[in-house]
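For the sequence shown, the residue numbers in my numbering are 669 to 997.
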Amino acid sequence: MTIFQITALTSLLLSFSVCNGFSPLAGVQSPTKARVSTSTLQMATVPPSLDNTVGIVGRGFISVLSAKLAAIQGYNTWLLSPPGQEVVITSLVDNPDLPLELVESTDTDRVETLIGQTDAYIIAVDDQSTMDEAVIKFIMNPETSKAKRISAMSRNLNGKDMGFLVKASKATANNEVWDNSNAAEYKKFEDTVKKQAAALGGDYTIVRAGTLKGGAEGEDPLCTQYLSNKFYEMTKKDIVTWQLLFDCNVRGVKLAKGDVLPGAGGKAVFTATATEACPGDSSRCAVAEALVRSLNSDACTKIDFGVATEDARDPPTNEEWEQMFATMS
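Following this line, the structure appears as structure tokens:
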């Protein structure tokens, strides 16, 4: 057992603070033996199937939402659960029949087994930090992992229409506004994802987000594939939560290949909690959909694209997602 192994697994489990107020994890040990070797694969897509295991590595609502959507798509899905928070996560998912396993963080034998069985990973962090490099290298170690696809959430990093007013909106109106202040760390994170995917002989997709908004089922129509209304209770700050209004109004999605999407610019103070489609915003629902669906898309292999918003009462259909992805190739 190496110091790197111990540090990496400890960092992995400590990283799973799933939602605001969730407790960090502790008291872990490292798996000690290799399980799987991999060889180079051509166009390593992972289609939805209970024979294909997808692991969700992340923090915040976006990780829980990605796990729910992966399970709905038909993947055998797992998500680490912080001690004492299984009830909260289960209430956010609100579907006990899904093939979704919440893995107790202290169950190191199960964690070791899952790392050896996982075919694809989704890495998604709700706050504006990145997943630790040691974690990525640990779960995607060619000596212990058979994973052949990784779908990672990054941010819009080009710096267009950022600046003072965007930072002011973050400080005064919505502390989840993406202001490009951590761009260097995100670029390093992307490089690590690409290198580890190559080391496994697999492929990657980078899904870029701006300010994350919404994430749940809304109402009229009710989109039960997303998080339950528990999300609105946990994020509510006023009598009527703007997150609910956003989810009702902004189900549409636009994709843009590369790192090209702008921030909110001079309108940032007005759009920070806006409930209509605005520059610089990304729907959590759309980002999570893109992360999951890109696992099985040839068009999304070894590319990056941004997720923007569009006013609509209904989310895109399966066919519309396929059409949007086709424009990425």
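Even for Gly, the Cβ is constructed at its ideal location relative to N, Cα and C. Everything numeric in this text was worked out from a predicted model, so none of it was measured.
ask   = Is there contact between the region 810 to 817 and the region 769 to 787, where contact requires at least three CB pairs shorter than 8 angstroms?
value = Contact holds: three or more Cβ-Cβ distances are below 8 angstroms.
ask   = Quick one: is Lys856 buried, meaning 16 or more other Cβ sit within 10 Å of its Cβ, or exposed?
value = Start at 1 with the first residue of the sequence shown, and residue 856 comes out as number 188. Lys856 is classed as exposed because its beta carbon has fewer than 16 other beta carbons within 10 Å across all chains shown.
key: Where Glu944 sits in the DSSP three-state scheme   = Translated into the one-based positions of the sequence shown, residue 944 becomes position 276. In this structure, Glu944 counts as coil in the three-state DSSP scheme.
query = Going straight from the alpha carbon of Ser822 to that of Ala877, what length do you get?
reply = Reading the sequence shown from its first residue, position 154 is the one you call residue 822. Reading the sequence shown from its first residue, position 209 is the one you call residue 877. C-alpha separation (whole angstroms): 6 angstroms.
task = Return yes when the Cβ of Asp847 is within less than 8 angstroms of the Cβ of Lys838, no when it is not.
result = Here residue 838 corresponds to residue number 170 of the sequence shown, with the count starting at 1. Here residue 847 corresponds to residue number 179 of the sequence shown, with the count starting at 1. For Lys838 and Asp847, yes; Cβs fall inside 8 angstroms.
query = Based on the DSSP secondary-structure assignment, which residues constitute the bridge partners of Thr977?
reply = Against the sequence shown, residue 977 aligns to sequence position 309. Thr977 pairs with Val921.
inquiry  = Would Pro947 and Gly931 be called neighbours here (beta carbons separated by less than 8 angstroms)?
reply    = Here residue 947 refers to the residue found at position 279 when the sequence shown is read from its first residue. Here residue 931 refers to the residue found at position 263 when the sequence shown is read from its first residue. For Pro947 and Gly931, yes; Cβs fall inside 8 angstroms.
task = Quick one: using the 10 Å Cβ neighbour count with 16 as the cut-off for buried, is Met992 buried or exposed?
result = Locating residue 992 in the sequence shown gives position 324, where the first residue counts as 1. The Cβ neighbour count for Met992, taken over all protein chains shown within 10 Å, is at least 16; the residue is labelled buried.
At least three beta-carbon pairs within less than 8 angstroms, the region 720 to 734 to the region 870 to 890 = In this structure the region 720 to 734 lies against the region 870 to 890, because at least three pairs of beta carbons, one per stretch, are closer than 8 angstroms.
query = Taking Cβ to Cβ, would you say Ala735 is nearer than 8 angstroms to Leu747?
reply = Your numbering for residue 735 matches position 67 in the sequence shown. Your numbering for residue 747 matches position 79 in the sequence shown. Going by C-beta atoms, Ala735 is nearer than 8 angstroms to Leu747.
ask   = Does the beta-carbon distance from Val1002 to Leu959 come in below 8 angstroms?
value = With the chain running from 669 to 997 in the structure shown, residue 1002 is simply not present.
ask   = From Glu887, Ala884, Ala820, pick the residue whose C-alpha is nearest to that of Ile724; which is it?
value = Indexing the sequence shown from 1 puts residue 724 at position 56. Looking at the Cα atoms, Ala820 is the closest of the given residues.
inquiry  = Counting beta carbon pairs with one atom in the region 976 to 987 and one in the region 908 to 921, are three or more of them shorter than 8 angstroms?
reply    = A contact is defined here as three or more CB-CB pairs under 8 angstroms, and the region 908 to 921 meets this definition with respect to the region 976 to 987.
key: Per DSSP, the bridge partner or partners of Met821   = For the purposes of this step, residue 821 is taken as residue 153 along the sequence shown, with counting starting at 1. For Met821, the beta-bridge partners assigned by DSSP are Val875.
Pair within 8 angstroms by beta-carbon distance, Val1004 and Ala945 = The chain is shown only over 669 to 997; residue 1004 falls outside these bounds and no answer can be derived.
key: Between the CA atoms of Leu923 and Cys968 - distance to the nearest angstrom   = Within the sequence shown, residue 968 is the residue found at index 300, counting from 1. Within the sequence shown, residue 923 is the residue found at index 255, counting from 1. Rounded to the nearest angstrom, the two C-alpha atoms are 12 angstroms apart.
query = Taking the alpha carbon of Phe973 as the point to measure from, which residue in Pro983, Val955, Asp982, Asn986 has its own alpha carbon closest?
reply = Walking along the sequence shown from the start, residue 973 turns up at place 305. Just measuring C-alpha positions, the residue of Pro983, Val955, Asp982, Asn986 sitting nearest Phe973 is Val955.
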